[in-house]
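Numbering (the numbering used here), first residue to last: 300 to 1054.
Some notes on the structure that comes next.
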Amino acid sequence: MQQGTLMRKVKSKSWKKQRYFKLQEDCMTIWYQSKRTGKTESAFSISDVETVREGHQSEVLQSVAEEFPPERCFTIVFYGRRGNLDLIAGSAEEAQCWVQGLRQLIEPRSFPLILALVSRTWIRDWFQKADKNKDGRMNFKEVQRLLKMMNVDMNEDHALRLFQDADKSESGTLEGEEFVLFYKALTQREEVLSLFQEFSEDGKKLTLLELVDFLREEQLEDEGTEELAMELIDKYEPSETARARHVLSSDGFLMYLCSVEGSIFNPQHRVLWQDMSQPLCHYFISSSHNTYLIEDQIRGHSSIEGYIRALKRGCLCLEVDCWDGPNGEPMVYHGHTFTSKIPFREVVSTLGKTSWGNSSSPLPSMGTFPLSSHPQRQWGKTLLPHPLLCAERSWSCWPRAVQDPRGKVPWRCWVVQGASLSLTPQELKHKILLKAKKIGRLEDTLDGPGDEAPDVSDEDNGAEAEEERRRARTQHGSALQKDKETLAQALSDCVIYCKNVPFQGFQEARSHSRPSEISSLSEAKARKLIRDEGNEFVRHNAWQLTRVYPSGMRTDSSNYSPQEMWNVGCQIVALNFQTAGMEMDLCDGLFSQNGCCGYVLKPPFMRDKETLFNPNDPSSREGPGPTTLTIQVISGQQLPKVANSKEGAIIDPLVRVEVYGVPADQAHQETKYIENNGFNPRWDETLQFQLHVPELALIRFVVEDYDKTSRNDFVGQFTLAFANIKTGYRHIHLLSKDGTSIPPSSLFVHIRITE
300 MQQGTLMRKV KSKSWKKQRY FKLQEDCMTI WYQSKRTGKT ESAFSISDVE TVREGHQSEV
360 LQSVAEEFPP ERCFTIVFYG RRGNLDLIAG SAEEAQCWVQ GLRQLIEPRS FPLILALVSR
420 TWIRDWFQKA DKNKDGRMNF KEVQRLLKMM NVDMNEDHAL RLFQDADKSE SGTLEGEEFV
480 LFYKALTQRE EVLSLFQEFS EDGKKLTLLE LVDFLREEQL EDEGTEELAM ELIDKYEPSE
540 TARARHVLSS DGFLMYLCSV EGSIFNPQHR VLWQDMSQPL CHYFISSSHN TYLIEDQIRG
600 HSSIEGYIRA LKRGCLCLEV DCWDGPNGEP MVYHGHTFTS KIPFREVVST LGKTSWGNSS
660 SPLPSMGTFP LSSHPQRQWG KTLLPHPLLC AERSWSCWPR AVQDPRGKVP WRCWVVQGAS
720 LSLTPQELKH KILLKAKKIG RLEDTLDGPG DEAPDVSDED NGAEAEEERR RARTQHGSAL
780 QKDKETLAQA LSDCVIYCKN VPFQGFQEAR SHSRPSEISS LSEAKARKLI RDEGNEFVRH
840 NAWQLTRVYP SGMRTDSSNY SPQEMWNVGC QIVALNFQTA GMEMDLCDGL FSQNGCCGYV
900 LKPPFMRDKE TLFNPNDPSS REGPGPTTLT IQVISGQQLP KVANSKEGAI IDPLVRVEVY
960 GVPADQAHQE TKYIENNGFN PRWDETLQFQ LHVPELALIR FVVEDYDKTS RNDFVGQFTL
1020 AFANIKTGYR HIHLLSKDGT SIPPSSLFVH IRITE
């Protein structure tokens, strides 16, 4: 990577400033400074970067697309709510140098290197924060200040002892390697060292056989254990001499436990591991609601960034609400509100460039489009125009769209990329299907356009439908109206396997509906069906798609719990992705598996149309009895401070484990709180749960700062499906409230599962 490059930082079409960008020697920090003043303007850590996008993949860069070619443009996307950094390099070569270099640095494939870099950066950052007079040395008073900043309330005598042991020069200050020694003494993991010595005969190393014993007895690794032990030594042992002797030091042991292999999340489930040859209705599908909004539902900002973020997050169900705009051009926004607007053509262009960009497999996803437009011209052969199997992919340009013939009422449809209801995700990779109202039947698409009037959605009533048919019959004399109807018919013909129909009861659906049809339900309607007809709902979802969407009363873009909808097999459970919280934690937790492809295969008893399963009666599930999940919460490491806390404040952390699943499995337990220690708290407490339907269970680990006078403050969380848990001694790498990583904060636990 170049060590200093002059590039344009872009904030808007009119704001383009030249800045020098440079990667620091630690390979973990990038600063940029003004070309005019030479002053450093800002800096950021590589660990803050989520991804790097090439080309015009942001609203800002799209606004300057005519001025600068995509080969010179790229966007740095940060974790959390920090704004993107849009850059224009001087040449395509410079842009590629930065793009590829940044991607290599944020790629987690070389974990020991990244861990070492993060640790080095972490130590340096703390040193700089505590070195008040900036003389490159740290006296004991500055060390005491450092401990407060690091969430540590340590006895003064013990702190002085650590300080003096590290002060090899006896100068009364720490500098360079002396501070590293002090930091290592401060971060000594006694609980890990004790575990290491339990399996080490000499207490200094683990031989290959001793490591194999640990993997079998504690980690319950039962296949290829010797090969795995060799891989772990080669990968995580820092000493070349120890690697040559096939032994693992205590440092290497700790690096293994902190690695992907030592995580609570089964690494084999991080990749695409499930059967993708089932019908679409047999999968849970990552789905969003009003994807274009990045704030509230009334006055919020509409942005293509909402689509980019959702797609990059693995979301496969995207919604687009189109309304009449100036000069007949459709605009995307939340109708009858004060939300801002974005051109429909920008949305479809963004979807074309971004779709399938995050998944390890190019499998199906969904979104909303107006029936008055013709997306086939935009997506070309990628859009499935008739029932057939093919896997081509191409994009063509989007023409100027015309208005909806119904005026101000938006037509909605869903886009399913890669699969149909009777076909499979694997068979229709890279294909787009539309879910929408359809003029006529699927059979008419095979033989030619039908005469049937458009189906009505849940929101339409019979009188409105009749009025629509009357208007359609009486307005054929207008040439313009004919053009509009033709275009609507053309898009209707593209609705192949996802025809939108109103839900009129399970008996009606069994008698008259087809697997190629889909219904949408409000959260309240779905909740009532779950309560009154749980088993019928599960059976229905075994052969037909159901979409659930948030209540219209959720104007603040809050979310309902998706778990109760998943409990009956609802596939498309739409959430407001812009709103952080428990609900999105559950969504991220479920879809973080299977290569983050956005599809999770439902359990076998939810794919059987004759199933007896009812989530309200867990005994209806066929199979073994309840499963016992035992979690020993051992310790925490370098937990972050609560946002906006007072200077010098130290958290009192506790851990709460929450189980989400069928009603009988819903539970939570928590540890005691540890007073004044967010740096290395020890709990050593055991929590136990009985799971009647473990196949549907999600486990959420939450760390909070205890407050006896008010509500506890959130510190961090991690959520995963029960099926993805690895047993044994494991680290849980915590995430922030909006689902981003907060290294090096973690929990150390011991997991056991018994039936």
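Positions of the beta carbon are idealized from the N, C-alpha and C atoms, including for glycine.
Compare the C-alpha of residue i against each of the options and name the closest.
i	options	result
L514	S362, L527 and V647	L527
I998	R853, Y1005, E497 and H967	H967
H1032	G561, R569 and I375	G561
M864	C886, T878 and E525	C886
R542	D550, S549 and D533	D533
L507	D464, R544 and E520	R544
N1011	A1020, T304, L1019 and V1001	V1001
M630	G922, L615 and Y591	Y591
A342	S333, V351 and T328	T328
I607	R460, C621 and E645	E645
R460	D430, A1022, E604 and F481	F481
T636	K611, S601 and A429	S601
R488	R402, I933, C614 and Q989	I933
Q443	N432, A458 and S810	A458
D1004	A942, D620 and R830	A942
Can you tell me whether DSSP reads residue i as helix, strand or coil?
i	result
R612	coil
H967	strand
V837	helix
M575	coil
H1049	strand
Q567	helix
F988	strand
N1023	helix
N799	strand
I973	coil
Q806	helix
W865	helix
G935	strand
P980	coil
C793	coil
V398	helix
T524	helix
I1041	strand
Have a look at residue i and residue j and give me their C-alpha separation to the nearest angstrom.
i	j	result
G924	G880	32 angstroms
W314	M306	13 angstroms
I950	F552	29 angstroms
K447	F978	10 angstroms
Q356	P903	40 angstroms
V755	Y331	A caution first: V755 carries a pLDDT of 38, below 50, which makes its placement in the model unreliable, though a value can still be read off. In a straight line, the C-alpha of V755 is about 55 angstroms away from that of Y331.
T371	E392	Here residue 371 is Arg; the residue named in the question, Thr, does not match the sequence. If I take the Cα positions, the gap works out to 8 angstroms.
P369	T926	54 angstroms
F805	M905	16 angstroms
P801	D623	25 angstroms
V1014	L938	7 angstroms
R981	G389	52 angstroms
E477	V348	31 angstroms
I345	G400	11 angstroms
I738	N799	11 angstroms
D907	P993	18 angstroms
R318	T845	51 angstroms
I597	V847	21 angstroms
K736	S791	7 angstroms
E816	L911	24 angstroms
E1055	F1047	Shown here, the chain extends from 300 to 1054; a query on residue 1055 therefore has no answer.
L988	A963	Going by the sequence as given, residue 988 is Phe instead of Leu. Going from the Cα of F988 to the Cα of A963 covers about 11 angstroms.
Which residue or residues does DSSP assign as beta-bridge partners of residue i?
i	result
N913	D916
W622	M630
V1075	The shown model of the chain, from 300 to 1054, leaves out residue 1075, and the question about it has no answer.
G1015	V1002
D385	V309 and T374
Flag residue i as yes when its Cβ comes closer than 7 angstroms to any non-hydrogen atom of the ligand NAD, and as no otherwise.
i	result
A808	This structure simply doesn't include the ligand NAD, nor any ligand for that matter.
Pairing CB atoms from the segment 878-892 with CB atoms from the segment 820-838, are three or more of them under 8 angstroms?
Fewer than three pairs of CB atoms, one per stretch, sit closer than 8 angstroms, so the segment 878-892 makes no contact with the segment 820-838.
So, do the segment 535-545 and the segment 583-591 have three or more beta carbon pairs nearer to each other than 8 angstroms?
no
Are the segment 354-372 and the segment 382-397 touching, with three or more C-beta to C-beta distances below 8 angstroms?
yes
The segment 865-876 in contact with the segment 561-576 per 3-pair CB rule at 8 angstroms
no
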